[in-house]
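Residues 74 to 216 in the working numbering are what the sequence shown spells out, letter by letter.
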Amino acid sequence: MVLLERGMEQLRDNVKNVNEDCLGDTDLRTLLKTQVENLHAVSHFKNETFTSLQYAQDFGTISKESLKRTTKWDAKYFTLEKSYYPVPNSSVELRDVDLMKPPPADNFDPNIEAAMKELVNRYRPAVYSSTPLCTRVTFQEDV
Numbered sequence: 074m075v076l077l078e079r080g081m082e083q084l085r086d087n088v089k090n091v092n093e094d095c096l097g098d099t100d101l102r103t104l105l106k107t108q109v110e111n112l113h114a115v116s117h118f119k120n121e122t123f124t125s126l127q128y129a130q131d132f133g134t135i136s137k138e139s140l141k142r143t144t145k146w147d148a149k150y151f152t153l154e155k156s157y158y159p160v161p162n163s164s165v166e167l168r169d170v171d172l173m174k175p176p177p178a179d180n181f182d183p184n185i186e187a188a189m190k191e192l193v194n195r196y197r198p199a200v201y202s203s204t205p206l207c208t209r210v211t212f213q214e215d216v
């Protein structure tokens, strides 16, 4: 009992140092182990390691999510009939949908194609090749 009384005195002193007006408003049920553990668990969903600033900034959200975990609750949404999207009265079969045709291939001028290949071979230092597990980069040796 002495340990419990000493802890309560320390709590009272800590609250008094922050704000004396809140001294009588402390609800001891909020200090139960399950509540504290839920707060801790929810905080680690957001971030593995918190700084004090991040924890303070997110404490409202953490408390709300923790409360959802420890209480029975549900959400009810009330909407107007006219707020729903209208369901179309007609439909089109997939086979009737017009599909895009691929554009026709253009032929390059052979001189431009040769110049592009020469430019690539001269200035690109690496040849990239893909394998199923990884991408490898192999460098060409200077010839």
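Glycine included, C-beta positions come from ideal geometry on N, C-alpha and C.
Roughly how far, in whole angstroms, is the beta-carbon of leucine 96 from the beta-carbon of arginine 85, given that I think they are within contact range, below 8 Å? 7 Å
Is it buried or exposed, valine 165, if we count other Cβ atoms within 10 angstroms and call 16 or more buried? exposed
Going by alpha carbons, who is nearest to alanine 114 out of Phe181, Ser136, Asp94, Arg168? Ser136
Of the residues Ala129, Leu192, Thr134, which one's Cα is nearest the Cα of asparagine 184? Leu192
What would DSSP say about alanine 178, mapped onto helix, strand or coil? coil
Quick test of your reading: tyrosine 128 and serine 116, contact by CB under 8 Å. State the CB separation rounded to the nearest angstrom. 7 Å
Does glutamate 166 come out as helix, strand or coil in the three-state DSSP assignment? coil
Quick one: Cα of aspartate 94 to Cα of glutamate 78, how far? 21 Å
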